[in-house]
Every structure is written in structure tokens, then in C-alpha cells.
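In C-alpha cells form, the structure reads like this:
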């Protein structure tokens, strides 16, 4: 079992319990405690867990009492013009014959409107995508796993295992925030991160899509560095003097 698969296993265990021990994980995965210790150290460094004596503890999000995270259905009505423009531009990278991964979220979902006339294969865990499909020129492979209505997507160890069976020409990802000083990408839910990581590993080209509200923003957990993406497609920043790295593409809104 490779490091990303072990990390996914550890995070899945921490969904059901507050802490896991070195001995427990080493025994269940049939690896050395030294290997698990390195996994814990990496996950702690990336903000996914907190190291404790002989184990690791689940990270709980700190959300102010007055803040209620938006569910996916509520996000559908936010920044729709920006999301559609970003989706249209992102879809232009895809050619007939390609195999494409589409991440969860409302920034990625509109891409299907601009892809459904192409002869391609789409792999996704985003349940919004088949609901938007009007034509059947594309082949869609829906990933199974644990369905969450909050995200309108599937996730978990089975989803991660399934996505690892494919090889993608292009993979498109959403996020909750892009922090430009340290060039980090953030997500609002740690449970959705492993699927992203596995899909990125098996894709020739990786793209990050984000509307202007995500720029300069942090969220619950980090999942990647900006340099991991071939292109980062965004709408015009709300701050005019913001400096963007060279792999950013700014899409103008008509």
C-alpha cells in the first residue's frame, strides 16, 4: 500500500473515532510502526491530523457560531456568471477521445454544459454532473462510495480505490480558497481531499478552477500547492493590484 492510500485509510478511520494509535494502524495495514509514524508526521504537517503520544488525533474545524457553511445547493446560485465563464474556458482544453476527471463542487459542474457535444469519457464523483447532462455523446463513469448530500458527491476509501483505476488526459478540480502568499490551495472538508490527491496523481494535466471569491482566502485544510497545477483558471480578482503566479489564467466575464 502506497503512502497516499495509507493516508486515506488513516483519515477514514478518524471519521469514526477521535484518535488512532500507531500500533493499531500498523497492525491493520501490516506495515511497521516507523512507516505509520512517518505518515502521521506528514498528515500533521499538512494540517490533516494532530500528533499525540503514540498516535494521531482528528482535526476539528473551528467555525464561528455565526457562520454556517453553505451546502452545495446554496452554492449553485453564487457567482454563476463567473463559474460559467470559467467552465467554458476550461472545457476548451478537452478534445475528442480524451478521458477527463471532474471533481466535486459547483465550479466544476457547469463544465458538462460545454463538454456534452464532445466524444469523450468523463469520470466523476460529482452527482451534479449527470443531473445537468442533456445529451448522451459523452460516456460518464460515476464513482461509487459514501454519498454526502452536503457535497452532492461520493467520497471515501472505495471512491479513492475506483479513481485510481483510471488514467486521465485532463483533471479539473475545485477548491474553497487560494492563499497567494504561501501559494497554497485550501478545502473546506478534509474528507474530500484524498479523492483529489489520487486523481491528480493519475492525470497528465491538472487544472484548478476558482471564482474571484476564492482568491486570497484560506479554509479548513490545505490540499495542494499552486505549483502542482498546470493551469489555474480564475475570474478577474476583486482586488485590482493583486499579483498572480504565472500558471494563472484570468477569464474575462462577458
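Residue numbers (full-length UniProt numbering): 1 to 254.
The beta carbon of each residue, even a glycine, is placed where N, CA and C say it ideally should be.
Practice task
Would you mind stating whether residue 168 and residue 199 have Cβ atoms separated by less than 8 Å?
Solution key: Within the chain shown, numbered from 1, the residue matching residue 168 stands at position 168. Within the chain shown, numbered from 1, the residue matching residue 199 stands at position 199. Yes, these two residues count as a Cβ contact at 8 Å.
Exercise for the section: Please specify which runs of the beta strand (DSSP E), each continuous and at least 3 residues long, are wholly inside the region 119–197, giving them in chain order. Expected result: 121–124, 139–142, 146–148, 153–155, 168–173, 177–179, 184–187
Exercise for the section: Indicate whether residue 195 and residue 155 have their beta-carbon atoms separated by less than 8 Å. Expected result: Here residue 195 corresponds to residue number 195 of the chain shown, with the count starting at 1. Here residue 155 corresponds to residue number 155 of the chain shown, with the count starting at 1. Their beta carbons are under 8 Å apart, which means residue 195 touches residue 155 by this criterion.
Practice task
Below 8 Å CB to CB, which residues in the same chain sit around residue 242 once its five sequence neighbours on both sides are set aside?
Solution key: Here residue 242 refers to the residue found at position 242 when the chain shown is read from its first residue. Around residue 242: 180, 215, 216.
Practice task
Return the first residue and the last residue of the alpha helix (DSSP H) that residue 80 is part of.
Solution key: Translated into the one-based positions of the chain shown, residue 80 becomes position 80. Residues 80–91.
Handout entry: Boundaries of the beta strand (DSSP E) in which residue 19 is found, first to last residue
Key = The count along the chain shown starts at 1 and reaches residue 19 at position 19. Looking at the DSSP string, the run of the beta strand (DSSP E) that includes residue 19 is 19–21.
Problem - Cβ-based burial, residue 170 [other Cβ within 10 Å; buried from 16] - result: Numbered from 1 along the chain shown, position 170 holds the residue referred to as residue 170. Classification of residue 170: buried, given that the 10 Å Cβ count is 16 or more.
Practice task
For residue 144, count neighbouring Cβ atoms within 10 angstroms of its own Cβ and tell me buried if that reaches 16, exposed if not.
Solution key: To locate residue 144, count along the chain shown from 1; it is residue 144. Flag for residue 144 reads exposed.
Exercise for the section: Specify the secondary structure class of residue 10 as computed by DSSP and reduced to three states. Expected result: Looking up residue 10 in the chain shown gives position 10. In the structure shown, residue 10 sits in a helix (DSSP, three-state: H, G or I).
Exercise for the section: Measure how close the beta-carbons of residue 55 and residue 107 come, nearest whole angstrom, since I'm counting them as under 8 Å. Expected result: On the chain shown, position 55 is the one that residue 55 refers to. On the chain shown, position 107 is the one that residue 107 refers to. No, residue 55 and residue 107 are not in contact; Cβ-Cβ is about 36 Å, not under 8 Å.
Exercise for the section: Would you mind giving the Cβ-Cβ distance between residue 153 and residue 126, rounded to the nearest angstrom? I have them listed as a contact below 8 Å. Expected result: Here the question's residue 153 lines up with position 153 in the chain shown. Here the question's residue 126 lines up with position 126 in the chain shown. 5 Å between Cβ atoms; contact.
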